[in-house]
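Have a look at the structure below, then the notes.
Protein chains: 2
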Amino acid sequence: MFPNYKEKGIATIQGQLVMFTSDQSHYSVKSCASICGLGTDNCVMVPSDETGRMIPTELERLIMERKTRGHLPFFVCCTSGTTVLGAFDPINDIADICKKYGMWLHVDAAWGGGLLLSKKYRHPRLTGIERADSVTWNPHKLMGALLQCSTIHFKEDGLLMSCNQMSADYLFMQDKLYDIRYDTGDKVIQCGRHNDIFKLWLQWRAKGDDGFEQHMDRLMELTEYMVKKIKEQSDKFYLIMEPEMVNVSFWYIPKRLRNVPHSPQREQELGKMCPVLKARMMQEGTLMVGYQPDDRRPNFFRNIISSAAVTEEDVDFLLNEMDRLGNDL
Amino acid sequence: MFPNYKEKGIATIQGQLVMFTSDQSHYSVKSCASICGLGTDNCVMVPSDETGRMIPTELERLIMERKTRGHLPFFVCCTSGTTVLGAFDPINDIADICKKYGMWLHVDAAWGGGLLLSKKYRHPRLTGIERADSVTWNPHKLMGALLQCSTIHFKEDGLLMSCNQMSADYLFMQDKLYDIRYDTGDKVIQCGRHNDIFKLWLQWRAKGDDGFEQHMDRLMELTEYMVKKIKEQSDKFYLIMEPEMVNVSFWYIPKRLRNVPHSPQREQELGKMCPVLKARMMQEGTLMVGYQPDDRRPNFFRNIISSAAVTEEDVDFLLNEMDRLGNDL
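Just so you know, the sequences run in chain order A and B. With this note's numbering, the residue at position 99 of the first sequence is 99, and numbering never jumps. If you want this note's numbering, it's the 1-based position in the second sequence plus 329.
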């Protein structure tokens with residue numbers, strides 16, 4: 001865990017700190033680089049492959065490039081469940097590189113971490129996560145905790161206190177004559193805030209490990225149902241890739257383009273229609289399916305099922321409704 | 330507003346940025362210096378006077394001291410309502426210094442800002458706040474909005490967007506065919522979070538300006554009642570200073586110390602009793618009155634009335650109960 005830091009001592013470390021994350025990672029990673037004073041130029045975007053996974057050889061190449069400039073690569077963010085494609089970076093390969101160069105391994109499992117609760121789906125997606133120095137995991141996403149419930153986990157005990165403690169003795173008195181172990185205020189960056197983790201505790205008490213596993217498996221089952229229905233209607237829908245989690249990426253195909261062979265030109269046409277169809281959904285008030293471009297494609301739809309209350313009938317309705325609203329586009 | 334920055338252009342500014350705040354300010358100011366990469370050594374604590382207000386001549390002296398070291402003083406945090414004593418830094422005096430040296434004036438009115446809603450109490454406490462470049466104001470404190478509702482206000486329009494925008498086009502699409510003015514996500518540091526300001530909107534609709542004014546005046550009336558009762562029982566309670574807002578700072582005096590003249594030695598004795606009396610309150614389950622030391626005094630009690638549902642009878646009960654639980658200490 002960050003061995004160079006401890007062996008060499010902080011006084012010997014000099015030079016520009018640089019962090020690395022995939023070009024598919026959440027924008028908050030880059031935002032962190034801005035806020036904490038590194039600067040966005042020192043948050044290096046590592047190319048990803050066609051399925052949205054970080055390419056480990058590219059990571060190593062970019063680390064070496066910064067090293068030759070005298071910089072100090074210190075941190076890699078490995079995304080488990082990217083926002084758009086739901087892709088999982090290869091944790092073990094990235095962990096090997098972090099170990100080789102003495103870098104901190106952070107796993108951003110904010111979106112995909114819920115699948116840890118499913119024996120069926122946790123591997124190979126999250127294999128190696130136990131090697132992380134820190135992990136982000138948002139129960140308010142896949143696990144359905146109410147907004148907001150966002151957690152961070154560290155391998156090193158006491159790290160939050162040693163980093164964040166400001167010892168405000170007018171607020172966090174150490175001379176109280178009763179148990180102060182749960183006075184956690186001085187560990188965290190923010191002060192007076194919700195006890196957001198309590199919601200997760202209640203939920204876990206109610207559902208248990210088994211309940212959460214069923215929840216995760218059900219979401220994946222619904223996703224697989226949607227993929228099946230899209231493939232069955234391949235004249236009307238174009239599946240962009242087999243999903244790794246609940247993100248289903250696809251284009252809707254209106255009548256006039258159904259007999260046109262798929263090509264970059266057709267992708268451009270399909271992309272242009274996304275905002276128009278989305279506006280019709282909003283005006284009609286029946287659907288809210290998001291769309292976005294990525295580095296390789298123009299706009300495409302991305303459907304997410306994150307509530308176990310969704311049914312197969314809802315999936316059927318979604319696809320039929322998109323066709324009803326969009327077939328003349 | 331921060332004129333040097335604009336006139337000179339960013340490329341000409343070099344050197345260590347330094348911020349200033351009073352030694353009575355909230356610990357989160359120092360924490361900010363740590364998080365955003367300035368380092369806590371570059372958050373200079375300006376001495377305050379006996380009543381807890383920043384001393385403007387000390388501020389100017391410390392600014393000059395850093396300038397002679399080649400540093401760039403750029404930011405002053407002026408506290409309106411300190412955490413412990415409820416003191417208000419002299420905004421106009423501090424604003425004059427900020428203007429003189431081309432520095433950003435931030436007013437931390439998180440605690441005291443509610444008094445802006447009272448014509449009776451806003452002056453002189455918050456006089457000059459209109460000169461601030463930015464203001465923090467937490468409706469979840471004095472105004473009774475439910476945790477959490479914390480706001481920040483800037484004089485310069487568009488600043489949040491120009492500072493925080495990461496242009497994540499996969500989340501904040503600009504090609505939507507409907508009104509996106511309220512898609513505010515790209516302005517803020519955090520991503521998926523509560524719409525906490527909605528609570529304030531509802532509350533303001535229900536209470537109106539007049540309702541909030543009555544709320545503020547009532548809190549101050551209750552505070553004045555408490556001060557009066559403490560003075561009437563000066564054998565049992567020692568008022569440390571006349572409060573500027575709802576913070577009432579005092580010592581409780583047990584029987585054995587009632588005939589001892591007040592002195593630094595008696596203060597030490599009274600301070601030692603605070604945790605013991607607090608523990609008795611917690612064990613009895615009847616009161617939760619906080620205590621803390623400050624730079625000039627050992628532990629003392631600080632009572633806060635921030636709910637308009639408190640009554641004069643509650644204040645009487647509080648003082649009687651402290652005496653019941655503590656008179657033998």
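All C-beta atoms, glycine included, are put in the ideal place defined by N, C-alpha and C. These numbers were taken from a predicted model, which means no experiment stands behind them.
Out of the options, state which residue places its alpha-carbon closest to the alpha-carbon of residue i.
{"i": "residue 564 of chain B", "options": "B:574, B:588, B:542 and B:570", "result": "B:588"}
{"i": "residue 202 of chain A", "options": "A:69, A:144 and A:53", "result": "A:144"}
{"i": "residue 76 of chain A", "options": "A:70, A:15 and A:99", "result": "A:99"}
{"i": "residue 126 of chain A", "options": "A:103, A:95 and A:323", "result": "A:95"}
{"i": "residue 104 of chain A", "options": "A:20, A:286, A:164 and A:282", "result": "A:20"}
{"i": "residue 34 of chain A", "options": "B:359, B:417 and B:492", "result": "B:492"}
{"i": "residue 438 of chain B", "options": "B:354, B:373, B:534 and B:615", "result": "B:354"}
{"i": "residue 295 of chain A", "options": "A:15, A:16 and A:22", "result": "A:22"}
{"i": "residue 356 of chain B", "options": "A:160, A:229 and A:169", "result": "A:169"}
{"i": "residue 494 of chain B", "options": "B:517, B:618, B:371 and B:452", "result": "B:517"}
{"i": "residue 600 of chain B", "options": "A:305, A:175, A:181 and A:148", "result": "A:175"}
{"i": "residue 280 of chain A", "options": "B:506, B:519 and B:343", "result": "B:506"}
{"i": "residue 562 of chain B", "options": "B:398, B:652 and B:441", "result": "B:652"}
My assumption, with CB atoms under 8 angstroms, is that residue i sits in contact with residue j. Please give the rounded CB distance.
{"i": "residue 131 of chain A", "j": "residue 91 of chain A", "result": "7 angstroms"}
{"i": "residue 238 of chain A", "j": "residue 326 of chain A", "result": "That pair is no contact at about 13 angstroms."}
{"i": "residue 380 of chain B", "j": "residue 414 of chain B", "result": "7 angstroms"}
{"i": "residue 392 of chain B", "j": "residue 430 of chain B", "result": "6 angstroms"}
{"i": "residue 650 of chain B", "j": "residue 615 of chain B", "result": "5 angstroms"}
{"i": "residue 387 of chain B", "j": "residue 376 of chain B", "result": "5 angstroms"}
{"i": "residue 32 of chain A", "j": "residue 366 of chain B", "result": "The pair is not a contact, with the Cβ atoms about 11 angstroms apart (cut-off 8 angstroms)."}
{"i": "residue 644 of chain B", "j": "residue 558 of chain B", "result": "6 angstroms"}
Looking at chain B, is there any beta carbon in it that lies within less than 8 angstroms of the beta carbon of residue i?
{"i": "residue 292 of chain A", "result": "yes"}
{"i": "residue 170 of chain A", "result": "yes"}
{"i": "residue 166 of chain A", "result": "yes"}
{"i": "residue 5 of chain A", "result": "Low per-residue confidence applies at residue 5 of chain A: pLDDT is 49, beneath 50, and the placement is therefore not dependable, though the value from the model is reported in the following sentence. Output row for residue 5 of chain A: interface = no."}
{"i": "residue 194 of chain A", "result": "yes"}
{"i": "residue 84 of chain A", "result": "yes"}
{"i": "residue 28 of chain A", "result": "yes"}
{"i": "residue 152 of chain A", "result": "no"}
{"i": "residue 36 of chain A", "result": "yes"}
{"i": "residue 80 of chain A", "result": "no"}
{"i": "residue 134 of chain A", "result": "no"}
Answer yes or no: does any C-beta atom of chain A fall closer than 8 angstroms to that of residue i?
{"i": "residue 644 of chain B", "result": "no"}
{"i": "residue 605 of chain B", "result": "yes"}
{"i": "residue 608 of chain B", "result": "yes"}
{"i": "residue 435 of chain B", "result": "no"}
{"i": "residue 477 of chain B", "result": "yes"}
{"i": "residue 330 of chain B", "result": "Since pLDDT at residue 330 of chain B reaches only 40, below the 50 mark, its modelled position is unreliable, and no value is offered."}
{"i": "residue 511 of chain B", "result": "no"}
{"i": "residue 504 of chain B", "result": "yes"}
{"i": "residue 375 of chain B", "result": "no"}
{"i": "residue 528 of chain B", "result": "no"}
{"i": "residue 484 of chain B", "result": "no"}
{"i": "residue 518 of chain B", "result": "yes"}
{"i": "residue 338 of chain B", "result": "Confidence is the limiting factor: at residue 338 of chain B the pLDDT is only 49, short of 50, which leaves the residue's position unreliable, though a coordinate-based value still follows. No, residue 338 of chain B lies away from the interface with chain A (no Cβ there is under 8 angstroms from its Cβ)."}
{"i": "residue 636 of chain B", "result": "no"}
{"i": "residue 360 of chain B", "result": "yes"}
Near residue i, what residues of its chain come up, given a Cβ to Cβ distance below 7 angstroms and the 5 sequence neighbours on each side ignored?
{"i": "residue 9 of chain A", "result": "Because residue 9 of chain A sits at a pLDDT of 49, beneath the cut-off of 50, its placement in the model cannot be relied upon, and the point is left open."}
{"i": "residue 613 of chain B", "result": "654"}
{"i": "residue 475 of chain B", "result": "469 and 528"}
{"i": "residue 583 of chain B", "result": "602, 655, 656, 657 and 658"}
{"i": "residue 346 of chain B", "result": "367, 371, 401 and 403"}
{"i": "residue 56 of chain A", "result": "90, 93, 94 and 97"}
Take residue i and list the residues in its own chain whose beta-carbon comes closer than 6 angstroms to its own, dropping the five residues that flank it on each side.
{"i": "residue 154 of chain A", "result": "134"}
{"i": "residue 541 of chain B", "result": "446"}
{"i": "residue 411 of chain B", "result": "353 and 381"}
{"i": "residue 408 of chain B", "result": "351, 354, 418 and 437"}
{"i": "residue 138 of chain A", "result": "110 and 150"}
{"i": "residue 308 of chain A", "result": "215 and 218"}
{"i": "residue 332 of chain B", "result": "Low per-residue confidence applies at residue 332 of chain B: pLDDT is 45, beneath 50, and the placement is therefore not dependable, though the value from the model is reported in the following sentence. Hits under 6 angstroms: 431."}
Verify the contact flag: residue i, CB atom, against every heavy atom of the ligand NAP, threshold strictly below 7 angstroms.
{"i": "residue 514 of chain B", "result": "As presented, the structure is devoid of all ligands, the ligand NAP included, so that no description of it is given."}
Excluding the 5 residues flanking residue i on each side, which residues of the same chain have their C-beta closer than 8 angstroms to its C-beta?
{"i": "residue 570 of chain B", "result": "379, 380, 414 and 578"}
{"i": "residue 292 of chain A", "result": "84, 299, 300 and 302"}
{"i": "residue 556 of chain B", "result": "568, 571, 572 and 577"}
{"i": "residue 635 of chain B", "result": "470, 471, 473, 548 and 575"}
Can at least three beta-carbon pairs, one atom from the stretch 109-126 of chain A and one from the stretch 265-278 of chain A, be found at a separation below 8 angstroms?
no
Spell out a yes or no on whether the stretch 624-637 of chain B and the stretch 581-600 of chain B are touching, meaning 3 or more CB-CB pairs, one atom from each, closer than 8 angstroms.
yes
Any residues in the stretch 223-247 of chain A with a beta carbon nearer than 9 angstroms to a beta carbon of chain E? Which ones, in chain order?
In summary, chain E is missing from the structure at hand, where the protein chains are A and B.
Are the stretch 217-231 of chain A and the stretch 240-249 of chain A touching by the rule of at least three beta carbon pairs closer than 8 angstroms?
yes
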